[in-house]
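Peer 1:
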Amino acid sequence: REAEKTLDLAHAEPVDAMRRLIDFTVDYYQDHPEFVALVIAENQSGGRHIRKVNRVHRLNLSIIDVIDDVLKRGARGGSFRAGLDPVEVHMTIAALGWFQIANRHTFGHIFERDFDAPRQIKRNKALVTELVLRYVGAPTFARHARSTSGVQQG
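Numbering (the working numbering), first residue to last: 790 to 943.
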């Protein structure tokens with residue numbers, strides 16, 4: 790959470806702020822696979838240890854407040870849909886961002902992809918960005934995102 794504060798998303802245009810948050814998140818998971826492993830292990834243990842950390846709730850609300858601000862500014866400006874839940878947006882970014890880390894060995898082996906390869910990491914980040922921006926985007930923005938996406942259309 791401390792590293793996220795350096796992004797200063799409150800002063801960025803909403804679409805740029807969302808892109809920066811996605812880039813940061815995906816890069817963080819790539820650079821800290823042990824964080825992903827720790828969260829998975831904690832969930833496998835039923836959240837036994839996280840319940841003992843008094844500040845964990847307050848620490849994690851900070852990013853939700855930031856995302857909520859970005860979403861509301863984006864909705865007011867017409868680039869995002871109104872009424873989005875910042876926890877759901879955060880969950881979506883996290884889920885898409887760490888799938889490549891959490892499943893790189895199994896998914897990579899099954900589908901013969903090297904999820905540690907720089908090209909694959911870059912492609913995954915572009916895909917996560919496109920999916921999230923389409924999800925949060927106002928209908929006109931979503932059409933624009935489709936035409937300017939870095940992910941090749943099928």
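Ideal placement from N, C-alpha and C gives every residue a C-beta, glycine not left out.
What residues in its chain sit with their C-beta under 7 Å from that of ALA927, if we drop five residues either side in the sequence?
Peer 2: Locating residue 927 in the sequence shown gives position 138, counting from the first residue. Cβ within range, chain order: GLY867, SER868, PHE869 and ARG870.
Peer 1: Just the C-alpha distance for ARG809 and GLN833, rounded to the nearest angstrom, thanks.
Peer 2: For the purposes of this step, residue 809 is taken as residue 20 along the sequence shown, with counting starting at 1. For the purposes of this step, residue 833 is taken as residue 44 along the sequence shown, with counting starting at 1. Using only the alpha carbons, I get a separation of about 30 Å.
Peer 1: Between GLY863 and VAL925, how many whole angstroms is the CB-CB distance? I'm expecting something under 8 Å.
Peer 2: Here residue 863 corresponds to residue number 74 of the sequence shown, with the count starting at 1. Here residue 925 corresponds to residue number 136 of the sequence shown, with the count starting at 1. 7 Å between Cβ atoms; contact.
Peer 1: Out of curiosity, what's the CA-to-CA distance linking TYR818 and TRP887?
Peer 2: By 1-based counting over the sequence shown, the position of residue 818 is 29. By 1-based counting over the sequence shown, the position of residue 887 is 98. Each residue's alpha carbon lies about 6 Å from the other.
Peer 1: In whole angstroms, what is the alpha-carbon distance linking ASN913 and ALA884?
Peer 2: The residue labelled residue 913 in the question sits at position 124 within the sequence shown. The residue labelled residue 884 in the question sits at position 95 within the sequence shown. So the two alpha carbons sit approximately 12 Å from each other.
Peer 1: Can you tell me whether DSSP reads PHE904 as helix, strand or coil?
Peer 2: Reading the sequence shown from its first residue, position 115 is the one you call residue 904. Looking at PHE904 - three-state DSSP - the assignment turns out to be coil, as it is neither helix nor strand.
Peer 1: Return the chain-ordered list of same chain residues with a C-beta closer than 7 Å to the C-beta of GLU802, the five sequence neighbours on each side being excluded.
Peer 2: Here residue 802 refers to the residue found at position 13 of the sequence shown. Taken in chain order, the list of residues that qualify is empty.
Peer 1: Under 9 Å between the Cβ atoms of GLN889 and PHE904?
Peer 2: As a working note, residue 889 is residue 100 in the sequence shown. As a working note, residue 904 is residue 115 in the sequence shown. Yes, these two residues count as a Cβ contact at 9 Å.
Peer 1: For MET880, count the other beta carbons within 10 Å of its own beta carbon; 16 or more makes it buried, fewer makes it exposed. Which is it?
Peer 2: Numbered from 1 along the sequence shown, position 91 holds the residue referred to as residue 880. Per the 10 Å Cβ criterion, exposed.
Peer 1: Using only CA atoms, which one of LEU920, ILE882, PHE896 and ALA799 lies nearest to ASP858?
Peer 2: Counting from 1 along the sequence shown, the entry for residue 858 is found at position 69. Taking only the C-alpha atoms, the option nearest ASP858 is ALA799.
Peer 1: Taking Cβ to Cβ, would you say ALA826 is nearer than 9 Å to ALA891?
Peer 2: As a first step, residue 826 is located in the sequence shown; it is residue number 37 there, counting from the start. As a first step, residue 891 is located in the sequence shown; it is residue number 102 there, counting from the start. Cβ atoms of ALA826 and ALA891: closer than 9 Å.
Peer 1: How big is the Cα-Cα spacing for VAL917 and VAL878?
Peer 2: Taking the sequence shown and counting its residues from 1, one reaches residue 917 at position 128. Taking the sequence shown and counting its residues from 1, one reaches residue 878 at position 89. The straight-line gap from Cα to Cα measures roughly 12 Å.
Peer 1: Is DSSP giving PHE866 helix, strand or coil here?
Peer 2: Indexing the sequence shown from 1 puts residue 866 at position 77. Going by the sequence as given, residue 866 is Gly instead of Phe. Helix.
Peer 1: Comparing alpha-carbon positions, which option in ASP812, VAL804 and HIS821 lies nearest PRO861?
Peer 2: Translated into positions along the sequence shown, residue 861 becomes position 72. Reading off the sequence shown, one finds Lys at residue 861, where the question assumed Pro. Out of ASP812, VAL804 and HIS821, VAL804 has the C-alpha closest to the C-alpha of LYS861.
Peer 1: For GLY886, does the three-state DSSP call read helix, strand or coil?
Peer 2: Taking the sequence shown and counting its residues from 1, one reaches residue 886 at position 97. Residue state, collapsed to three classes: helix.
Peer 1: Grouping DSSP H, G and I as helix and E and B as strand, with all else coil, what is GLY835?
Peer 2: For the purposes of this step, residue 835 is taken as residue 46 along the sequence shown, with counting starting at 1. The answer is coil: DSSP assigns GLY835 none of H, G, I, E or B.
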